[in-house]
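With mature numbering (1 follows the signal peptide of the UniProt record, and there is no 0) applied, the sequence shown corresponds to residues -28 to -1, 1 to 705, in that order. Worksheet for the structure shown next.
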Amino acid sequence: MTWDRMAPGAPLRLVPLLVLVVLGLVSALDPALEEAAARDPDPEAAAREYLRELDHDTGVHLNRASLAEWAYASNLTEHNLKRKLEVSAEVAAFQKEAWHRTVHFPWQTFRDPDLRRQFRKYSVLGSAALPPEKFEKLEKLTSEMESIYSTAKICDYFNQTKCDLSLEPDLVELLTHSRDANELRHAWVEWRRASGEKCRGLFERYVALSNEAAALNNFTDMSEMWLEPYEAKDFRDQVRELWEQLRPLYEQLHAYVRRKLQEQYGEAEVSRDGPIPAHLLGEMWSSTWKNVANFSAPAVAQPPPDVSPALKQQGYTPLRIFKLAEEFFISLNMSAMPDLFWERSILEKPADREITCHASAWDFYDAKDFRIKQCTRVDMEHMFTAHHEMGHIQYFLQYKHQPVVYREGANPGFHEAVGDVMSLSVSTPKHLRQVGLLRDEGPRDDDASALNYLFLQALQKVAFLPYAYLMDLWRWDVFNGSVTSDEYNCRWWRLREQYQGIEPPVDRTEEDFDPGAKYHIVASVPYIRYFVSYVIQFQFHRALCLEAGQFDPNDPMKPLYACDIYGSTAAGNKLKAMLQLGSSRPWPEALEAVTGSRRMDASGLLDYFKPLYEWLKAENARTGERVGWGPSRRACVSTRDELERLRRPDDMMDANKMEVDKMDAEMGGAVAAAAAPEAVPEVAAAAAAVVPEAAAPAADAPVPAPAPAAVAAPSDSVADEVVPAAEAPVDRR
Ligand SMILES: *[C@@H]1O[C@H](CO)[C@@H](O)[C@H](O)[C@H]1NC(C)=O
Ligand SMILES: *[C@@H]1O[C@H](CO)[C@@H](O)[C@H](O)[C@H]1NC(C)=O
Ligand SMILES: *[C@@H]1O[C@H](CO)[C@@H](O)[C@H](O)[C@H]1NC(C)=O
Ligand SMILES: *[C@@H]1O[C@H](CO)[C@@H](O)[C@H](O)[C@H]1NC(C)=O
Ligand SMILES: *[C@@H]1O[C@H](CO)[C@@H](O)[C@H](O)[C@H]1NC(C)=O
Ligand SMILES: *[C@@H]1O[C@H](CO)[C@@H](O)[C@H](O)[C@H]1NC(C)=O
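Below, the structure written as structure tokens:
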């Protein structure tokens, strides 16, 4: 639900004044106008008045919409759904009407920069700018794709008559726990067959309509509109540079994990120096790798701390977990949660109705009502999630005095980052001890446990980076037309190979549509915000830790990864000053308020992981790993027929995907490519693009779109995971 901005009823009397203003600029010599200007010392007064009403009316509409949205999400009945749709249609109509009025103001010429800024934000309506039939069609396309995605089922590998496995929880569980390469490959392939492949045609139409909508908002295409909130012409270059800064760390992690996977699965599955097969990394999209930690951690015998048992032993309840999180914020001299928050939040799964359990934080746009909805389990993961969600509420509280149009993160990456910054402190063993959840048991090897802790963090934070980057690299090019539908999938795999060093477990074709096997693609949720969030959260963390005196670059006893800002009012005041800005200032200013720098910079993240990076380099050198990767063994061609023909040299027919795959592994993608070079452009291209160390950065980066203001923040809200919430609805990654 991306409602984008709305605008309210403006008085007609504004119009004549407006004309005056415009003419005034054009011909200042006209005496009548000069006289008018003399009578009206503030020529922008009318616009200011319009905005004041717009702000008020927008707040009222967003409040109604959020309430209806909440009523449904927290009580899934037909009646509540109907009501929600009614209200959202009303609100959309209001927005559109106001938008027409807004864009008639000559706001680009306003002298007051703040006025200009608010008008600029209101001038982007989003897809509601389409004529009603087309708008409806676009909504239908995305809901159809979402519905395919959320109802997709596959059969069990070991029992072909059991065909009710869904993504959540079955396949998530399977990818997390199975160590059987065949079962994993089956799940990987079948999930894509049941989800993405069925969305290809819908997606093509979605792209065309989205671009039409973007044009109505005066953008060249949807990628430009998605990038708009980042307010920088060179934003793509900025992101590319960040990735270049991070790539050496990622490649070391990649080389090390590949070796561990090879030990686990054998050389037939995992090559020594190629890309990593995508089905073995513990998650459907290979975007976070935490689930392979238990056989790949540097010190397997010394697992990272798990406070889940302590939480249960000490009788924690969901409420007490949230009180603990609140206490963290209060210790930083930030706000306590208002009474209404405790009254209206849903912190436990209710027994008397169906609800959407996905954790989310909600702003109701009346400056009083803020809520979290989370089916809290009493365990460590949910404890972090509670802190994370409360980070969103804290942001809401701090900017509640701002005009409605500024009640959002400085850019879409900021909202996500705040909660994660808290989690970086909360998850340290030091903090867990301080709150009595971790006891020192006997002597421990601190170096080994620190390394393990960092490694686990890296599997979540570092592994995620290239994925978070390429998701929108691909979509930017799709929207701007430089990648056309006949090359959607092969282009996707080229990026996956180039940036992540990942390859599909079997050959792919343009009859597959693997991007569509990911929620945010079919649900039209921009992704670069997560990349931004992952980079800047470490910038924030470093700055706040310096402020708190918990990190000293010259003191080996105070490394960044061990810093806990708990109790530092100095750090809290600094962060608070930034949160209070909302989006009223360009984000570099907000960034500067905390970090002293106006640029995004990956060095915070690199500082944090430095000890791990040094260790990985030494370890990879010791075992002689190739850092980087050679070309993939997998082909990507236009059609499945073509794939068949490529394989025919052996006269093997085939059919069964597994068989084919095996044979393909023997043949190698390169051979396949040679067999029909003209048919396999992607293979050749991929090989060229992927020269490991040389991998040229592709052109990149843009950004997301209009904040789904209304719904409560889900959009920003986030993840119920401590980590990267990989899947899920708008609010997760
Ligand atoms: C859920 O919504 C229905 C209306 O569809 C309402 O009658 C019921 O009281 C609601 N339940 C709760 C617990 O709010
Ligand atoms: C296979 O699945 C079907 C349907 O769920 C079930 O009835 C049957 O018992 C299963 N067979 C085995 C061998 O588990
Ligand atoms: C790692 O986890 C998997 C799945 O949860 C389990 O089967 C396996 O035994 C674990 N391995 C180790 C070394 O603990
Ligand atoms: C698009 O640009 C045209 C020409 O500058 C302008 O008249 C129109 O109001 C703009 N539309 C929007 C939605 O900003
Ligand atoms: C806490 O914040 C308030 C403003 O919100 C400020 O006036 C006060 O000085 C701060 N306290 C400390 C100890 O920094
Ligand atoms: C699309 O954007 C890419 C950068 O991502 C650029 O290289 C390319 O020239 C653009 N293509 C078109 C058709 O605008």
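For each residue, glycine too, the CB sits at the ideal point set by N, CA and C. Keep in mind it's a predicted model, so treat the numbers as computed, not measured.
*May I ask you to report which of helix, strand or coil DSSP gives K345?*
If you number the sequence shown from 1, residue 345 lands on position 373. The answer is strand: DSSP assigns K345 an E or B state.
*Mapping DSSP to helix, strand and coil, what is E241?*
Locating residue 241 in the sequence shown gives position 269, where the first residue counts as 1. Three-state result, E241: coil.
*At a cut-off of 7 Å, is residue 712 close to ligand 1 when judged by its beta-carbon and the heavy atoms of the ligand?*
Here the chain has residues from -28 to 705 only, and residue 712 is not among them.
_Going by C-alpha to C-alpha distance, which of A543, A271 and R501 sits closest to G521?_
As a first step, residue 521 is located in the sequence shown; it is residue number 549 there, counting from the start. Here the closest residue by C-alpha is A543.
*What are the boundary residues of the beta strand (DSSP E) that includes S457?*
For the purposes of this step, residue 457 is taken as residue 485 along the sequence shown, with counting starting at 1. In this chain, S457 is not harboured by any beta strand (DSSP E), its DSSP state being neither H nor E.
*Which partner residues of A333 appear in the DSSP bridge assignment?*
Position 361 of the sequence shown holds residue 333. Looking at the DSSP assignment, A333 forms a beta bridge with I344.
*Going by Cα to Cα distance, which pick from L615, L584 and D335 is closest to V32?*
Taking the sequence shown and counting its residues from 1, the one referred to as residue 32 is at position 60. Of the candidates L615, L584 and D335, the one whose C-alpha sits nearest the C-alpha of V32 is D335.
*Can you name the residues that DSSP bridges to V609?*
Looking up residue 609 in the sequence shown gives position 637. Note: V609 sits in a beta bridge opposite T481.
*Can the beta-carbon of G153 be found closer than 8 Å to that of E241?*
Counting from one through the sequence shown, the residue named residue 153 turns up at place 181. Counting from one through the sequence shown, the residue named residue 241 turns up at place 269. It is worth fixing the name first, because residue 153 is Ala in this sequence and not Gly. In contact: A153 and E241 (Cβ atoms closer than 8 Å).
_Residue of A534, R411, V566 and L428 minimising C-alpha distance to Q286_ = Along the sequence shown, read from residue 1 onward, the residue named residue 286 stands at position 314. Here the closest residue by C-alpha is R411.
*How many Å lie between D419 and G576 at the Cα?*
Taking the sequence shown and counting its residues from 1, the one referred to as residue 419 is at position 447. Taking the sequence shown and counting its residues from 1, the one referred to as residue 576 is at position 604. Approximately 21 Å between the Cα atoms of the pair.
*Excluding sequence positions up to five away, which residues of its chain have a Cβ less than 6 Å from the Cβ of V663?*
Within the sequence shown, the letter at position 691 stands for residue 663. Any reading at V663 needs caution, since the residue's pLDDT is 25, under 50, leaving its predicted position unreliable; the model's value is listed next. Exclusion of the five residues before and after V663 leaves no residue of its chain whose Cβ lies closer than 6 Å to its Cβ.
*asked:* Could you check whether S457 and E140 sit closer than 8 Å to each other, using their CB atoms as the reference points?
replied: As a working mapping, residue 140 is identified with position 168 in the sequence shown. As a working mapping, residue 457 is identified with position 485 in the sequence shown. With respect to the 8 Å criterion, E140 and S457 are not classified as neighbours on the basis of their beta carbons.
_Proximal residues to S195 (C-beta, below 6 Å), its chain only, five neighbours per side dropped_ = Within the sequence shown, the letter at position 223 stands for residue 195. Beyond the five residues adjoining it in sequence on each side, S195 comes within less than 6 Å, by CB distance, of W448, F451, N452 and P674 in the same chain, given in chain order.
*K112 classed as buried or exposed, judged by whether at least 16 other C-beta atoms fall within 10 angstroms*: For the purposes of this step, residue 112 is identified with residue 140 of the sequence shown, where counting begins at 1. Classification of K112: exposed, given that the 10 Å Cβ count is below 16.
*Of the choices V434, Y491, W261 and H373, whose alpha-carbon is the least far from that of G168?*
Taking the sequence shown and counting its residues from 1, one reaches residue 168 at position 196. It is Y491.
*asked:* With a threshold of 7 Å on Cβ separation, who are the neighbours of N305 within its own chain once the five nearest residues in sequence on each side are excluded?
replied: Numbered from its first residue, the sequence shown carries residue 305 at position 333. Exclusion of the five residues before and after N305 leaves T541, G544 and N545 as the residues of its chain whose Cβ lies within less than 7 Å of its Cβ.
*asked:* Considering only the alpha carbon of each residue, which of R468, S421, A430 and L426 lies closest to D444?
replied: As a position in the sequence shown, residue 444 is number 472, starting the count at 1. Ranked by how close their Cα comes to the Cα of D444, the residues R468, S421, A430 and L426 have R468 in first place.
*Exposed or buried, which one is A297 when buried takes at least 16 other CB atoms within 10 Å?*
Taking the first residue of the sequence shown as 1, we reach residue 297 at position 325. By the 10 Å Cβ count, A297 comes out buried.
*Select from L253, Y237, K125 and E108 the residue whose C-alpha is nearest the C-alpha of L181.*
As a position in the sequence shown, residue 181 is number 209, starting the count at 1. Of the candidates L253, Y237, K125 and E108, E108 places its Cα closest to the Cα of L181.
*Among P103, L532, Y538 and G385, which one has its Cα closest to the Cα of V504?*
In the sequence shown, residue 504 corresponds to position 532, counting from 1. When each option's Cα is compared against that of V504, the closest is G385.
*Three-state secondary structure (DSSP) at L174?*
Here residue 174 refers to the residue found at position 202 when the sequence shown is read from its first residue. The answer is helix: DSSP assigns L174 an H, G or I state.
*If you compare alpha carbons, which of A435, W464, D14 and G391 is closest to T481?*
Taking the sequence shown and counting its residues from 1, one reaches residue 481 at position 509. Per the Cα distances, W464.
*List the DSSP bridge partners of S167.*
Walking along the sequence shown from the start, residue 167 turns up at place 195. None; S167 has no bridge partner.
*asked:* Less than 7 Å separating the Cβ of T30 from some heavy atom of ligand 2?
replied: Taking the sequence shown and counting its residues from 1, the one referred to as residue 30 is at position 58. No, ligand 2 has no heavy atom inside 7 Å of this Cβ.
*Using beta-carbon positions only, say whether L221 and L578 come within less than 8 Å of one another.*
Taking the sequence shown and counting its residues from 1, one reaches residue 221 at position 249. Taking the sequence shown and counting its residues from 1, one reaches residue 578 at position 606. Going by C-beta atoms, L221 is nearer than 8 Å to L578.
*asked:* Across the stretch 216 to 235 and the stretch 431 to 438, are there enough close Cβ pairs to call them in contact, namely three or more that are closer than 8 Å?
replied: Segment contact: the stretch 216 to 235 against the stretch 431 to 438, three or more CB-CB distances shorter than 8 Å; contact assigned.
*Three-state secondary structure (DSSP) of L137*: By 1-based counting over the sequence shown, the position of residue 137 is 165. For L137, the three-state secondary structure derived from DSSP is strand.
*DSSP state of N131, grouped into three classes?*
Position 159 of the sequence shown, counting from 1, holds the residue named residue 131. Looking at N131 - three-state DSSP - the assignment turns out to be strand.
_Buried or exposed, going by whether 16 or more other CB atoms sit within 10 Å of the CB of T81?_
The sequence position of residue 81 within the sequence shown is 109, counting from 1. With a threshold of 16 other beta carbon atoms within 10 Å, T81 falls short and is exposed.
*Cβ of K125 within 7 Å of any heavy atom in ligand 2?*
Numbered from 1 along the sequence shown, position 153 holds the residue referred to as residue 125. Incorrect: K125 has no Cβ contact closer than 7 Å to ligand 2.
*Among H364, W160 and T328, which one has its Cα closest to the Cα of L48?*
As a position in the sequence shown, residue 48 is number 76, starting the count at 1. Among H364, W160 and T328, the Cα nearest to that of L48 is on T328.
*asked:* If the criterion is Cβ atoms closer than 8 Å, does the pair Y378 and G554 meet it?
replied: Locating residue 378 in the sequence shown gives position 406, counting from the first residue. Locating residue 554 in the sequence shown gives position 582, counting from the first residue. Yes, Cβ-Cβ distance for Y378 and G554 is below 8 Å.
*asked:* Is it buried or exposed, L39, if we count other Cβ atoms within 10 angstroms and call 16 or more buried?
replied: Reading the sequence shown from its first residue, position 67 is the one you call residue 39. Flag for L39 reads buried.
*Among residues of its own chain, excluding the 5 on either side of A282, which ones have a beta-carbon nearer than 6 Å to its beta-carbon?*
Mapped onto the sequence shown, residue 282 falls at position 310. Hits under 6 Å: L409.
*Looking at the unbroken alpha helix (DSSP H) that takes in H51, where does it start and where does it end?*
Within the sequence shown, residue 51 is the residue found at index 79, counting from 1. Run containing H51: E50 to T74, per the alpha helix (DSSP H) assignment.
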